[in-house]
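*Asks:* Structure in structure tokens, see below.
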Amino acid sequence: MTLLNLLRSIYFNFRYLPLGQAIYLPIWITTNFRYKLSRGQLVLSKPYRRSVFLGDCGSFGLQQFHGGLYLAEGAKLILHGMTVLGEGTVLRCDKNSVIELGNNFYCNKNCFLRSSELIQFGAECSLGWNVQINTNDGHVIVHNGTRSDCIGAVKFGNNVWLTSNVIVTKGVKVADGCIIAQGAVVTKSIEDNNVLVGGVPARVINQNVYWEK
3 MTLLNLLRSI YFNFRYLPLG QAIYLPIWIT TNFRYKLSRG QLVLSKPYRR SVFLGDCGSF
63 GLQQFHGGLY LAEGAKLILH GMTVLGEGTV LRCDKNSVIE LGNNFYCNKN CFLRSSELIQ
123 FGAECSLGWN VQINTNDGHV IVHNGTRSDC IGAVKFGNNV WLTSNVIVTK GVKVADGCII
183 AQGAVVTKSI EDNNVLVGGV PARVINQNVY WEK
């Protein structure tokens with residue numbers, strides 16, 4: 003942590019957190035992490051010292067980009083404990099949407115999470131590099147006169163591992179203990195616990211699987 007990062011972290015804590023939380027300096031932010039939010043949009047349920055790292059860490063050797071946190075009007079980022087967002091990772095909450103991260107959440111480099119409704123993670127979840135989670139198709143699709151829903155919440159249980167280059171689309175729910183294999187595109191919910199999912203589109207490959215950090 004450089005002096006410049008320290009000064010930036012002090013400013014960020016006292017600018018966006020209640021005074022009773024800011025004095026503990028729970029959030030550490032690097033100079034290559036950009037942000038746009040308002041006071042009250044960032045909610046910490048456990049504001050202990052150095053529990054949130056923004057734009058820090060990640061696997062060695064990957065190209066580095068600017069990370070960021072962008073919360074539109076009425077949006078919220080809710081953090082329930084230790085949180086690490088690697089270099090180049092961007093969290094975007096559209097108007098009145100929410101991203102909620104459980105305790106011991108780790109996100110590697112260059113991930114993109116966009117919520118137009120809700121992205122929710124349970125405890126002990128990890129993301130590899132280049133993961134994309136999007137609750138919004140971007141455009142409404144009309145098929146035979148029927149308009150599709152273009153927005154849907156994405157929810158993950160506890161102890162879920164998304165490996166590198168995974169894509170998760172709108173409306174997906176993933177049960178506890180699941181592993182999403184490298185390069186998978188998850189378009190449908192995974193209802194069973196502790197399964198390995200992979201492929202394009204993703205399907206269950208193995209059952210009764212477990213992973214360790």
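No gaps in the numbering here: position 14 of the sequence shown is 16 in my numbering, and each next residue is one more.
We put the beta carbon where it would ideally sit given N, CA and C, even for glycine.
(1) What did DSSP end up calling residue 1 once you bin it into helix, strand or coil?
(2) Measuring alpha carbon to alpha carbon, tell me which of 55, 98, 132 and 24 ends up nearest residue 65.
(3) Given this structure, state the Cα-to-Cα distance separating residue 72 from residue 101, to the nearest angstrom.
(4) Ignore the nearest five residues each way along the sequence and tell me which others in residue 82's own chain have a CB closer than 6 angstroms to its CB.
(5) Count the other CB atoms within 10 Å of the CB of residue 94; is the residue buried (16 or more) or exposed (fewer)?
(6) Assuming residue 21 and residue 11 make a contact with CB atoms under 8 angstroms, what is their CB distance in whole Å?
(7) I'd like the ranges of any beta strand (DSSP E) spanning at least 3 consecutive residues and lying wholly in the region 49 to 133.
(8) Could you give the DSSP three-state label for residue 146: helix, strand or coil?
(9) Ignore the nearest five residues each way along the sequence and tell me which others in residue 88's own chain have a CB closer than 6 angstroms to its CB.
(10) Terminal residues of the continuous beta strand (DSSP E) containing residue 200?
(11) Does the CB of residue 100 have a neighbour CB from chain B at under 9 angstroms?
(12) Thinking C-alpha only, which one of 70, 148 and 181 is nearest residue 34?
(13) Output needed for residue 172: all residues of its chain with C-beta closer than 7 angstroms, excluding positions within five of it in sequence on either side, in chain order.
(14) Let me confirm a value: residue 158 is counted as buried when at least 16 other C-beta atoms fall within 10 Å, else exposed. Which label applies?
(15) Mind checking residue 161: buried by the 16 CB within 10 Å criterion, or exposed?
(16) Use the C-beta contact count for residue 126: other C-beta atoms within 10 angstroms, 16 or more gives buried, fewer gives exposed.
(17) Please identify the residue among 79, 76 and 91 whose C-alpha is closest to the C-alpha of residue 68.
(18) Would residue 212 be called buried (16 or more neighbouring beta carbons within 10 Å of its own) or exposed?
(19) The alpha helix (DSSP H) with residue 21 in it runs from where to where?
(20) So what does residue 188 bridge to, in DSSP terms?
*Replies:* Let me lay it out:
(1) A query on residue 1 cannot be resolved here, the shown segment of the chain reaching from 3 to 215 and no further.
(2) Among 55, 98, 132 and 24, the Cα nearest to that of residue 65 belongs to 132.
(3) Those two C-alpha atoms are separated by around 11 angstroms.
(4) So the qualifying residues of the chain are 47, 104 and 105.
(5) Residue environment analysis places residue 94 among the buried positions, since at least 16 neighbouring C-beta atoms fall within 10 angstroms of its C-beta.
(6) Contact flag wrong, Cβ pair sits at about 16 angstroms.
(7) Entirely contained in the region 49 to 133, the beta strand (DSSP E) runs reaching 3 residues are, in chain order, 54 to 56, 69 to 73, 78 to 81, 85 to 87, 92 to 95, 100 to 103, 107 to 109, 114 to 117 and 120 to 122.
(8) Correct three-state label for residue 146: coil.
(9) Taking residue 88 as the centre and dropping the five residues before and after it, the same chain places the C-beta of 59, 60, 109, 110 and 111 closer than 6 angstroms to its C-beta, in chain order.
(10) DSSP places residue 200 inside the beta strand (DSSP E), whose first and last residues are 197 to 200.
(11) Within the model displayed, chain B is absent; a lone protein chain is all it includes.
(12) By alpha-carbon distance to residue 34, the top candidate from 70, 148 and 181 is 70.
(13) The residues are 136, 137, 138, 139, 153, 154 and 156.
(14) Buried.
(15) By the 10 Å Cβ count, residue 161 comes out buried.
(16) Of the other Cβ atoms in all chains shown, 16 or more fall within 10 Å of the Cβ of residue 126; this residue is therefore buried.
(17) Cα-wise, what sits closest to residue 68 is 91.
(18) Exposed.
(19) Run containing residue 21: 21 to 24, per the alpha helix (DSSP H) assignment.
(20) Looking at the DSSP output, residue 188 sits in a beta bridge with 170.
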